[in-house]
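Reviewing the structure listed below.
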Amino acid sequence: MAIITCPFCRQQISDKSKVCSHCDKDLNGDQQAALSAQRQSKYGKIQSINIQQMFAMLLFVGGFSLWYWQDKFDDQWYNQLGMAMIASGFVWYFVNRIRIVMLNRSSL
Ligand SMILES: [Zn+2]
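Residues in the sequence shown are numbered consecutively from 1105, following our numbering.
Put into structure tokens, the structure is as follows:
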């Protein structure tokens, strides 16, 4: 039996005890549950970013085809809409890429 420090209240407790005798926190369960909840929320965030990235790509491709086919429409409005879609799709895509890199850099 060894003496460890409780991660919640910083008091000295036995490493055999499952519940801290000072603050009554669950020493095994709580930490693991918190960790897996954090992992799950990170995974959910990455998934939602991936979906947004897909939409950003669609926006970009849609804008590009609008811009590409503008001659057929012969309308300045289509040209500007296409340009706006390309620009926002491009920016949106890169913002999402950066968000994924930042998430992956954070621990866990
Ligand atoms: Zn404690």
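Glycine is no exception: its CB is placed at the ideal position from the N, C-alpha and C atoms.
Q. Mind checking whether the beta-carbon of Gln1115 lies closer than 6 Å to any heavy atom of ligand 1?
A. Yes - ligand 1 has a heavy atom lying nearer than 6 Å to the Cβ of Gln1115.
Q. Does Gln1151 have its Cβ less than 7 Å from a Cβ in chain D?
A. Absent here is chain D; the protein component of the structure consists of one chain.
(Q) With the cut-off set at 7 Å, would you say Gln1151 and Asn1200 are in Cβ contact? (A) Asn1200 sits away from Gln1151, with the two beta carbons spaced by 7 Å or more.
Q) Apart from the five residues just before and just after Leu1207, which ones in its own chain have a Cβ nearer than 7 Å to its Cβ? A) Spatial neighbours of Leu1207 in its own chain (CB-CB distance under 7 Å, excluding positions within 5 residues in sequence) are listed in chain order as Lys1146, Lys1149 and Ile1150.
Q. With respect to the beta strand (DSSP E) encompassing Gln1184, which residues constitute its N-terminal and C-terminal limits?
A. Following the DSSP letters along the chain, one finds Gln1184 in no beta strand (DSSP E) but inside the alpha helix (DSSP H) bounded by residues Gln1180 to Arg1209.
Q: Kindly indicate the opening and closing residues of the beta strand (DSSP E) around Val1118.
A: A small correction: the amino acid at residue 1118 is Ser; Val does not occupy that position in the sequence shown. For Ser1118, the enclosing beta strand (DSSP E) begins and ends at Gln1116 to Ser1118.
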